[in-house]
Amino acid sequence: MITEKPHAADGRVTITADIWHHAHGVMHQRHPDHLTAIVGWARSCPGCGLFLSAYDRYLHGAFFKQPWQVAAVIDPLARAAGFFAWDAAREGVGRHEFVWGWG
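Just so we're aligned: the sequence shown equals residues 861 to 963 in this note's numbering.
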């Protein structure tokens, strides 16, 4: 679900409290049975490669605390895509790459 564009400054994604509340409001409006969850977030950084910056890790830890929540990263110029997920102890975020099979 895409609700609003998060703010981006200096290449960083910022999720404000207003955006977070809006996302939850839209989710509950569309699915009033409350059998839904936000599984993660995504960003694209053409030419940057697959990584989470220190700020991305902060953002992931602040808003996506569940062990099943992920951060997806796409670098279309490098034809690379992957996701980052919490390790079993929730001490770090591990990288998992997808095979680029399109385009």
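From the three backbone atoms N, C-alpha and C, an ideal C-beta is built for every residue, glycine too.
Source: prediction; values computed, not measured.
Beta carbon of residue i nearer than 9 Å to that of residue j
{"i": "A902", "j": "A932", "result": "yes"}
{"i": "D935", "j": "G954", "result": "no"}
{"i": "L919", "j": "T876", "result": "no"}
{"i": "Q929", "j": "G900", "result": "yes"}
Close Cβ partners of residue i (< 6 Å) along its chain, the five nearest in sequence each way excluded
{"i": "L937", "result": "P906, G907"}
Per DSSP, cross-strand counterpart(s) of residue i
{"i": "S904", "result": "I934"}
{"i": "W946", "result": "V953"}
{"i": "A940", "result": "D935"}
Integer-rounded CB distance, given that residue j should sit under 8 Å from residue i
{"i": "M887", "j": "I898", "result": "7 Å"}
From the options, residue whose alpha carbon lies closest to that of residue i
{"i": "D947", "options": "K925, H881, R939", "result": "K925"}
Cβ shell of residue i (< 8 Å), same chain only, five flanking positions each side left out
{"i": "T863", "result": "Low confidence applies here, because T863 scores a pLDDT of 47, under 50, leaving its location unreliable and the question unanswered by this model."}
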